[in-house]
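For reference, the structure discussed in these notes is given below.
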Amino acid sequence: MGQHDLRHAVYEIDLLSPAYGGTCLGRLPDGRAVFVPLGLPGERVRVRLVEARRTFARAELLEVLRPSAQRISPRCPHFGECGGCHYQHMDYATQCALKEAILREQLQRLAGIPEPPLRPLVPSPNAWNYRNTVQFHLDGQGRLGYHRPDSHEVVAIRECHLPEPVLNQVWPQLDLEPIPGLERVELRVGSGEEVLLILESRDPQAPEFSVDFPLSAVHLSPAGTIVLAGEDYLVMEVLGRPFKVSAPSFFQVNTAQAAAMVQNLLEHLPLTPQTTLLDVYCGVGLFTAFLAPRVGRCLGVEVSPSACEDFAVNLDEFDHVALYQGAAEEVLPWLDVRPEVVVVDPPRAGMAPAALEALIRLEPTCIAYVSCDPATLARDLRRLMEAGYTLRHVTPFDLFPQTYHIESISLLVR
Ligand SMILES: C[S@@+](CC[C@H](N)C(=O)[O-])C[C@H]1O[C@@H](n2cnc3c(N)ncnc32)[C@H](O)[C@@H]1O
338 MGQHDLRHAV YEIDLLSPAY GGTCLGRLPD GRAVFVPLGL PGERVRVRLV
388 EARRTFARAE LLEVLRPSAQ RISPRCPHFG ECGGCHYQHM DYATQCALKE
438 AILREQLQRL AGIPEPPLRP LVPSPNAWNY RNTVQFHLDG QGRLGYHRPD
488 SHEVVAIREC HLPEPVLNQV WPQLDLEPIP GLERVELRVG SGEEVLLILE
538 SRDPQAPEFS VDFPLSAVHL SPAGTIVLAG EDYLVMEVLG RPFKVSAPSF
588 FQVNTAQAAA MVQNLLEHLP LTPQTTLLDV YCGVGLFTAF LAPRVGRCLG
638 VEVSPSACED FAVNLDEFDH VALYQGAAEE VLPWLDVRPE VVVVDPPRAG
688 MAPAALEALI RLEPTCIAYV SCDPATLARD LRRLMEAGYT LRHVTPFDLF
738 PQTYHIESIS LLVR
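Using this note's numbering, you'd call the opening residue of the sequence shown number 338 and step up by one each time.
Next comes the structure, spelled out in structure tokens:
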């Protein structure tokens, strides 16, 4: 059978184990791995191939022939058609168990750790309505929606169960002028329930909008940030501490779990008044703000100018904190400080090789690696262990219920 014929072939298979990316792994009759979304381990399913390669294939789920006992009805009518959620067909305990199993498998296979020192996953206090931020795209008719799975096509939505309740009050009322350059519409809610609307476009011209709700609004374009209403930032509170977060700055989307990660770092990092601490990819200073009071000297590294400005405000009370504005791969090779403890929290792609090698040359005694992607985490852990570090433990945190995303904190010592 040629590649073209194979692409549409239909099979009945058993799903064997969960895989990273929201799929389950099965085997085709010729032994090749096939990845199927919306299934559960142990299920017998009918699938149709959508992509056939020499060593593996991808398929779509046509029918569940023998359902798992863990299968439940999804809450959202858009589930399956919208690419935002991947796990609504299983209860929350099963989602957490799957994420632990996937993280273990990734560390075994990609980092070469036979028995990964995994701690129990820290579940999200809310499995629904936990997101303080929501990002929409517009469909051809200017309606708010999300991308279809593995596609840039936009599915207009009528409901979504992930944003915090205030955001769900606001977005259905939003009436936007669908100008062609408008790429993304983001809503964020601060700890005082204040709402910030962020319109991102390629054009300097801001779109018209109306909404029957008091909110701040900004327009981000290559020409810069324009405040359309109110303020250009929000205040997010974590463990009683306020953080200024400007429209272009990153902030953890699950505020309760951000607090859980801070507490994990406070519990496990060996910090003393003599310690020099380096917080790489520090954002607006979430981790730095809680760790700084325990150390003698503290340095942050962050590339986003907006996050750096927020960091300066959020850490203003500390005289022993300094910030390097630049990419980690450019700053770390030139750093003339010897930190004993380093926290890294890179984006999904993990650490750039130049940043990772420079970190190893700094020879810190302890590294906390905060990761939102098990595959790039495993790659970077492998290198750190080759360089003489021992992986003490890895704690998964569920920051993103209903989705396949897995956050974790790994602690390494020399
Ligand atoms: C996952 S966020 C973590 C932020 C912070 N630790 C927190 O928890 O809020 C990653 C941060 O790294 C920054 N970043 C991305 N690439 C970078 C690079 N090459 N060098 C330094 N910072 C970078 C982003 O702007 C973002 O603020």
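The beta-carbon is built from N, C-alpha and C at its ideal position, and this holds for glycine as well.
query                                                                                                                   : result
Validate contact between the region 572-579 and the region 589-599 using beta carbons, cut 8 Å, 3 pairs                 : yes
Close-in-space but distant-in-sequence residues of the same chain around LEU353 (CB under 8 Å, 5 per side omitted)      : CYS361, LEU362, GLY363, ARG364, PRO378
Continuous alpha helix (DSSP H) stretch holding PHE416: start and end                                                   : Note, PHE416: premise wrong, no alpha helix (DSSP H); not H, not E.
Test item: CB-CB of PHE627 and LEU652 under 8 Å                                                                         : no
Integer Cβ distance of VAL681 from PRO701, believed to fall under 8 Å                                                   : About 10 Å; that fails the 8 Å criterion.
CB of LEU524 within 8 Å of CB of VAL471, strictly                                                                       : yes
Beta-carbon proximity of ALA584 to LEU533, cut-off 8 Å                                                                  : yes
Straight-line gap, VAL503 to GLU530 (C-alpha atoms, nearest Å)                                                          : 7 Å
Three-state secondary structure assigned by DSSP to ASP348                                                              : For the sequence presented, residue 348 should be read as Tyr rather than Asp. Residue state, collapsed to three classes: strand.
Range of the contiguous beta strand (DSSP E) that encloses THR392                                                       : Per DSSP, THR392 belongs to no beta strand (DSSP E) and is neither H nor E.
Alpha-carbon to alpha-carbon, GLN478 and ILE746                                                                         : 42 Å
Distance, ARG521 Cα to PRO738 Cα                                                                                        : 23 Å
Reduced DSSP secondary structure (H/G/I, E/B, other) of SER586                                                          : coil
Assigned secondary structure, VAL674 (DSSP; H/G/I helix, E/B strand, else coil)                                         : coil
Where TYR706 falls: helix, strand or coil (DSSP)                                                                        : strand
CA-to-CA distance, SER708 to ARG468, given in whole angstroms                                                           : 18 Å
Where GLY687 falls, given that 16 or more other Cβ within 10 Å makes a residue buried                                   : buried
Residues of its chain near HIS341, where Cβ-Cβ distance is below 6 Å and the 5 sequence neighbours each way are ignored : No answer about HIS341 holds up, because its pLDDT of 47 lies below 50 and its placement is not dependable.
Close-in-space but distant-in-sequence residues of the same chain around PHE473 (CB under 6 Å, 5 per side omitted)      : LEU481, VAL522
GLN589 beta carbon near ligand 1 (any heavy atom closer than 7 Å)                                                       : yes
Contact check, VAL731 vs LEU444, beta carbons under 8 Å                                                                 : yes
Per-residue burial, TRP508 [other beta carbons within 10 Å of its own, 16 or more giving buried]                        : buried
Continuous alpha helix (DSSP H) stretch holding LEU444: start and end                                                   : 429-448
Beta carbon of SER405 nearer than 8 Å to that of GLU380                                                                 : yes
Own chain residues within Cβ distance below 8 Å of VAL371, not counting five before or after                            : TYR348, ILE350, LEU362, GLY363, ARG364, LEU365, VAL384, LEU386, PHE393, ALA394, ARG395, ALA396
Residues near LEU736 in its chain [Cβ-Cβ closer than 6 Å; skip 5 each side]                                             : ASN591, GLN594, GLU744
CA-to-CA distance, ALA346 to LEU748, given in whole angstroms                                                           : 45 Å
Where the alpha helix (DSSP H) containing PRO733 begins and where it ends                                               : Per DSSP, PRO733 belongs to no alpha helix (DSSP H); it is in the beta strand (DSSP E), 727-734.
Rounded straight-line distance, which links the Cα of VAL599 to that of ARG698                                          : 26 Å
Alpha-carbon to alpha-carbon, HIS742 and GLU452                                                                         : 22 Å
Closer than 8 Å to chain C by CB, PRO559                                                                                : Annotation note: the requested chain C is absent from the structure, which comprises a single protein chain.
6 Å Cβ shell around PRO642 - same chain, five flanking residues per side excluded                                       : none
Sequence-distant residues of its chain with Cβ nearer than 8 Å to LEU669 (five each side left out)                      : VAL617, VAL638, ALA691, ALA692, ALA695, LEU696, LEU699
Any non-hydrogen atom of ligand 1 within 7 Å of GLY358 CB                                                               : no
Check: ASP682 C-beta below 7 Å from any heavy atom of ligand 1                                                          : yes
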